[in-house]
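In this note's numbering, the protein residues as written are 1 to 241.
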Ligand code: NDP
């Protein structure tokens with residue numbers, strides 16, 4: 001799409017899974033895409049398949065200095081920022097009583113503080129570029145509760161709330177902020193999970209990363225009047241809630 005010629009995007013956690021599928025969609029849309037991840041080997045290999053339209057940069061989303069460097073290099077390589085996709089995330093296991101305080105804090109750090117850091121550093125660049133979008137990958141765990149993943153649920157509800165606050169603050173700069181809420185998707189994160197958990201969904205299966213990525217591409221390229229909203233990609237899992 002020509003409207004994105006000389007504009008850039010960053011996908012955190014873009015080296016594999018849902019993030020990698022988002023990278024492929026945004027490259028197709030014409031953006032220069034930075035894959036920002038901890039996984040250097042996977043990220044570099046993926047960038048090579050889309051060269052010269054994609055580059056890998058190491059990013060720990062909890063590290064402010066790394067964010068600044070990645071944002072700087074993204075705009076230098078591919079032009080003004082058009083989209084930030086806060087996709088990197090981790091899953092914890094533990095009830096409110098059993099989870100260690102360190103693990104709970106770490107999950108909030110990666111899944112909520114990281115996207116907040118990225119948003120606050122990306123916002124001035126998006127504003128200077130005349131607008132753009134921030135897509136936060138939350139979860140159905142940001143729409144309802146689940147037992148046994150308490151830190152994850154708290155972080156994903158937090159990310160949904162952060163989306164709404166930022167949408168209110170940034171709309172006047174033509175910066176849209178939306179959250180995407182996938183149900184169970186086939187990735188490394190769900191490897192080994194019992195697939196029967198999807199059996200009672202209207203669409204009784206796990207989704208594929210490409211099915212989430214298609215929603216993200218729609219939000220970036222088409223949904224010009226949507227901000228502050230939740231976009232659910234869950235096979236109907238939350239429909240009866
Ligand atoms: P994956 O585990 O397959 O990929 C996540 C990527 O993020 C990995 O490359 C991982 O690297 C990276 N990452 C982890 N921590 C950091 C960090 N601190 N800084 C930068 N990158 C990091 O996950 P999915 O593709 O399944 O998930 C992507 C997003 O979608 C997550 O936010 C997840 O919560 C959400 N989601 C996933 C669902 C699913 O069923 N798969 C359902 C609902 C939401 P490393 O391996 O080194 O940790």
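Cβ coordinates follow ideal geometry from the N, Cα and C atoms, glycine included. Bear in mind that the values here come from a model prediction, so they are computed numbers and not experimental data.
Short note on residue 10: C-beta not closer than 7 Å to any heavy atom of the ligand NDP.
The stretch 142-152 makes no contact with the stretch 195-212; the number of CB pairs closer than 8 Å stays below 3.
For residue 90, there is no enclosing beta strand (DSSP E), as DSSP gives it neither H nor E. A Cβ-Cβ contact shorter than 8 Å links residue 132 with residue 82.
DSSP places residue 206 in no beta strand (DSSP E); its state is neither H nor E. Between residue 86 and the set 169, 73, 208 and 163, the nearest pair of CA atoms involves 163. The residue among 88, 10 and 49 with its C-alpha nearest the C-alpha of residue 73 is 10. Distances taken from the Cβ of residue 190 to the heavy atoms of the ligand NDP include one shorter than 7 Å. The alpha carbon of residue 15 has as its nearest neighbour, out of 208, 188, 215 and 206, the alpha carbon of 188. Distance from residue 36 to residue 12 at the Cβ level is roughly 5 Å; contact confirmed, criterion being Cβ atoms closer than 8 Å. Put simply, the backbone Cα of residue 80 is about 7 Å away from that of residue 6. For residue 105, the number of other beta carbons within 10 angstroms of its own is below 16, and it is reported as exposed.
Placement of the Cβ of residue 16 at a distance of less than 7 Å from at least one heavy atom of the ligand NDP is found. Less than 8 Å separates the beta-carbon of residue 214 from that of residue 25. Taking 8 Å as the cut-off, the Cβ atoms of residue 226 and residue 176 count as close.
DSSP, read as helix, strand or coil, puts residue 191 in coil. For residue 110, the closest of 192, 90 and 179 by C-alpha to C-alpha distance is 90.
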